[in-house]
Amino acid sequence: MIRHVSGAARRHPVIVIVLWLAVTAVAFTAGNGVFTRLTTTVGTTPGSQSDRTAARLDRAGLNPPSLTAVVSGRPAGDPGLRRSVQRALAEIRGHPEVTGVEDPFGERAAKAVSGQSVLIGVGLAPGTPKRVEHRISARLKRIDAPRVVVAGDALTDAEFTEQAQADTRKAEIIAAPLLLVLLLLVFGALLAAALPLVIAVIGVSCTFGVLLVMSLVTDVSVSAIQVTTMLSIGLAVDYSLLFVQRYREERAPGGDAGAALEGSCLSAGRTIVFSGLTVSVSLLGMLLFKDPFLRSLGVAGASVVLIDMLAAVTLLPALLALVGHRVKPAKAKPRHGRVLAAVARTVQRAPLPTLLAVGAAFAVMAAPVFGMRLVTADPHSLPASTQTRQLQDAIAADFPAAAKPAAITVVTSLPPDDPALAALGGRIAEVPGVAAVRPGPSHGGLTVVNAIPEQATNSARTRHAVEAIRAMDDPRIQGVTGDAARLADYRDALAERAPIAAGAVMLVTFLLLFAFTGSVLLPFKAVLTNVLSVGAALGIVVWVFQDGHFVSAFGLPQLAGIDLTVPVITAAIAFGLSTDYEVFLLSRAREAWLDGGDPRRAVAAGLRRSGRVILAAALLIGVAFAGFLPAGFAPVKEIGLGLLLAIALDALAMRMLLVPAAMTLLGRAAWWAPGPLRRLHRRVEITEAPAAPGLASQRT
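In terms of this note's numbering, the sequence shown opens at residue 3 and continues consecutively.
And the structure:
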C-alpha cells in the first residue's frame with residue numbers, strides 16, 4: 003500500500019501538491035469559523051444524576067443566567083455614585099429579559115469590607131440571548147466609577163473563546179521562528195528545513211477544518227483548539243524530520259535521487275504509518291470515556307494525526323520529487339553517530355545498573371501522581387486580566403460573605419410552603435460538611451434547596467456531603483446537582499472508564515507493535531516504558547501546579563488540584579508520542595537485526611541510526627508544546643508542561659538509556675515469539691521491501 007501511494011505521489015507530484023494546496027485553502031478559510039462555535043462546557047457526564055437533574059432544572063426554568071458586577075473606587079455612600087448606579091439599574095430593569103435586580107444600597111445588600119465598593123446582581127430569564135447580556139454588561143460598565151468589573155455566563159464563555167484564540171496565536175508566533183531556526187541547525191540547509199514547516203502549516207490548517215466539522219455534530223471545547231494545534235504542529239515536524247533525514251541518508255553514498263526517494267518511502271514511510279496508527283489508537287482511547295469533550299477531542303486528535311501522516315507519505319514525496327536533488331545528502335560518518343555509539347557502548351557495558359537507576363528515577367518522579375486531586379476549572383484558571391477573574395478576586399477581597407463555595411443544589415418535589423420542606427432542609431443542614439441551607443426557587447412542581455458547603459467545591463469534605471445527601475434515599479429528593487455533584491459524578495465515571503480505556507489502548511498498541519516487530523517482549527516492554535514516561539510527567543505536573551513548587555514561574559497561584567481533563571488528555575497524547583519514538587528506534591534496530599542477527603549490534607545500530615532523529619524530533623515537538631506554556635488558561639499550561647516533560651524525559655532518558663539497557667539484557671529473546679505467533683506475523687506484517695539477508699534465519 004505504501005509503495006503504491008507514495009509511488010503515485012512521486013510520479014504525479016504537481017497534481018498531489020495542487021490537491022493539498024486546495025484542501026488546505028478550503029480547510030483554513032472555512033476552519034477559522036470554528037472560533038465562533040466553541041463551548042466552555044468541559045467535564046460533563048451524560049446520564050449521571052447531576053446531569054439529569056440539571057436538565058430538569060433547565061426545563062423548569064430554575065437555572066437561569068445572571069450577571070454580577072462590582073463597582074469600586076468610590077465610597078459606597080457617595081451620592082454621585084448612588085445616582086449613577088440607580089440610573090443604570092433603572093435602564094436595565096427596562097429589558098424584558100431581566101427578571102430581577104438586587105439593590106446594592108438596600109438593607110439586605112452585601113456590604114464591602116473597604117466601604118469602597120458595591121455589589122450588583124442581575125437575574126435574567128432562561129434563554130436570554132448573548133447579545134442582551136453583552137448590552138447589559140456594557141451599560142453597567144458606564145457607571146461613573148473608577149473601576150467596574152462584570153461577569154456572567156455568556157461573558158465568561160466569550161472570554162474563554164477569546165483566550166483560546168489569543169493562546170493559539172501566541173503559540174504559533176513563539177513556535178514558528180524557533181522551529182525554523184532549529185530545523186536549520188538540524189539540516190544545515192534552508193530548503194530541507196522548510197519542508198517540515200510546509201507540512202506543519204497544512205496540518206494546522208486542516209486541524210481547524212476538522213474541528214469545524216466536529217462542531218457541527220457535537221460540542222467542541224475551547225481547549226480543543228490549543229491541544230489539537232500543538233499536536234498537529236509537533237507531529238507534522240516529527241514525521242517530516244524522520245522522512246527528510248532518511249532521504250538524506252539514502253543519498254549519502256552518492257546514489258540517485260529517485261532511488262533514494264523510493265527507498266525513503268518504503269522505510270521511513272512504513273515507520274510513519276505505524277507511528278500514526280499507534281498515536282491515533284492512543285487518542286481514540288478517549289472514546290471510551292463518557293465526557294463528550296474527551297470523546298470529541300479523541301476523534302479530532304486522531305484525525306489530525308492521520309492528516310499529518312497522510313501529508314508526510316504523499317506530499318513530502320511529491321515535493322522531494324521536484325526539489326529533492328537540491329537537498330544535501332547526509333554526511334557519511336556524522337559526528338552525532340559517534341556520540342550515540344559511545345552512549346550505546348556505555349549503556350551496554352552496564353545494562354542492569356542503567357535499567358535500575360533510570361527506572362528508580364522515573365518512579366520517584368511519578369510518585370506525586372498518587373496524591374493528585376482532580377478539580378474543575380474556576381476563574382483562577384484564567385489570567386488576572388480577564389473580567390471573570392477580576393470579579394472573583396474583587397468579591398473575595400471586599401465581599402467575603404458573598405464568596406461562599408457554589409451551593410449543592412438539592413431538587414425536591416415539595417411545594418415551597420410545605421412544612422415538610424423545612425424539615426427536610428433541617429436534615430440536610432445536619433449533614434457533615436454543610437454550613438447552611440438556603441431556600442431556592444420553585445416552579446413546575448420542583449423546589450430547590452441550596453446546601454452551602456463548608457469548604458471549596460473541590461474538597462473531599464464537600465464531596466462526602468454530596469454523597470451523604472444522596473444517601474438519604476428520600477423519595478421527595480428528585481436529585482442532587484451543582485458543581486460539587488458534577489465533579490463527584492465525573493470522578494466516578496473517570497474511575498470506572500479509565501482502566502477500560504487504558505487497557506484497550508495498551509492491548510491495541512501491543513498488537514500493532516507485534517505486527518511491526520514480530521516480537522512479543524518488545525511490545526510489552528514498550529507499553530511498560532510508556533506508562534513510566536507518562537507517570538513521571540504527570541507526577542511533575544502535580545508537584546508544580548498542585549503542590550506549588552515553582553508555580554509562580556507560570557504566572558499562577560498554587561492550585562487546589564489538577565483540572566479533571568488534564569490527566570486523560572496528557573496521558574493519551576504522551577503515550578502515543580512515546581510509542582512514536584519507540585517505533586523510530588525499533589525500526590532501525592529491526593533493520594540491523596534482520597541484516598545480521600546480532601542482538602547487541604542491533605541495539606547499538608538502532609540507537610546510533612535513530613537517536614539523532616528522536617532527539618531532534620523531541621526538541622522540535624517540545625518547542626511546539628512550550629509555545630503553550632504562556633497560555634492564559636491554566637489547564638492548557640498543565641497539558642503543555644505535561645507533554646513537554648513527557649517527550650523530553652522519554653527521548654533523553656527512556657529511549658537513550660533504559661530501552662537500550664532492557665533490550666541488551668533481553669538479548670536474542672527481545673525478538674522472540676512463539677512458533678504460532680511467528681507464523682501469524684508473516685501474514686499480518688506490513689513490509690514494503692524484500693527480506694533482508696538475515697531474515698530467513700530468524701523466522702525458522
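Here a beta-carbon is modelled for each residue, glycine too, at the ideal position from N, C-alpha and C. Every value quoted in this text rests on a predicted model; they were computed, and no experiment measured them.
Taken in chain order, the complete alpha helix (DSSP H) segments of 4 residues or longer contained in the stretch 143-193 are 155-189. Only residues of its own chain outside the window of five on either side were considered, and among them F552, V553, F556 and L643 have a CB closer than 8 Å to the CB of V546, listed in chain order. Here F276 is buried. Its C-beta has 16 or more other C-beta atoms within 10 Å. Membership of T414 in the beta strand (DSSP E) is indicated by the continuous run I410 to T414.
For A438, the enclosing beta strand (DSSP E) starts and ends at V436 to H445. Within the same chain, and ignoring the five residues on either side of A574 in sequence, the residues whose Cβ sits closer than 8 Å to its Cβ are S284, L285, G287, M288, G300, G303 and V507.
According to DSSP, residue pairing for L69 in a beta bridge involves V124 and G154.
Annotated three-state conformation of D419 is coil, per DSSP. The straight-line gap separating the alpha-carbon atoms of L213 and L308 is approximately 14 Å. The DSSP assignment places 224-253 as complete runs of the alpha helix (DSSP H) inside the stretch 194-254, in order along the chain (cut-off: 4 residues). In the DSSP assignment, L448 is bridged to H445. If you look at V307, you'll find it in the alpha helix (DSSP H) that goes P294 to V325.
One alpha carbon belongs to R297, the other to D105, and they sit about 44 Å apart.
Linking A675 to L181 through their CA atoms gives a straight-line distance of about 41 Å. DSSP places G557 outside both helix and strand once states are collapsed to three, so it counts as coil.
Annotated as distal: F577 and Q228, with beta-carbon spacing of 8 Å or more.
For G265, the uninterrupted alpha helix (DSSP H) segment begins and ends at A259 to L286. For Q247, the closest alpha carbon among the candidates A405, F586 and D400 is that of F586.
Using a Cβ distance threshold of 8 Å, V345 and M658 count as a contacting pair. Per the coordinates, the alpha-carbon of V150 lies some 16 Å from the alpha-carbon of T158.
The shortest CA-to-CA distance from H14 to any of A591, A323, V215 and T209 is the one to A323. L660 is not bridged by DSSP to any residue. Contact annotation, A62 with L448: C-beta distance approximately 5 Å; criterion of less than 8 Å satisfied. In the three-state reduction of the DSSP assignment, L631 falls in the coil class.
Boundaries of the alpha helix (DSSP H) around T55: Q51 to R61. The alpha helix (DSSP H) runs of length 4 or more contained entirely in the stretch 322-381 are, from start to end of the chain, 337-351 and 353-368. Two segments are said to touch when three or more pairs of C-beta atoms, one from each, lie closer than 8 Å; by this definition the stretch 51-68 touches the stretch 121-138.
Taking C-alpha positions only, G49 is separated from T531 by approximately 36 Å.
Three or more Cβ pairs closer than 8 Å define a contact, and the stretch 399-412 meets that threshold against the stretch 448-466. The alpha-carbon of T41 is positioned some 6 Å away from that of D221. Excluding the 5 residues flanking it on each side, T519 has same chain C-beta neighbours closer than 8 Å at P525, L588, R592 and W673, in chain order. Sequence-distant partners of T459 (beyond 5 residues in either direction) whose C-beta falls short of 6 Å from its own C-beta, in its chain, are P407, A408, D485 and A486. In the three-state reduction of the DSSP assignment, T483 falls in the strand class. With 16 or more other CB atoms across the displayed protein chains lying within 10 angstroms of its CB, I542 is buried. Note that the C-beta distance between T130 and V224 is not below 8 Å. Counting along the chain, no beta strand (DSSP E) covers V536; the unbroken alpha helix (DSSP H) around it starts and ends at L523 to V543.
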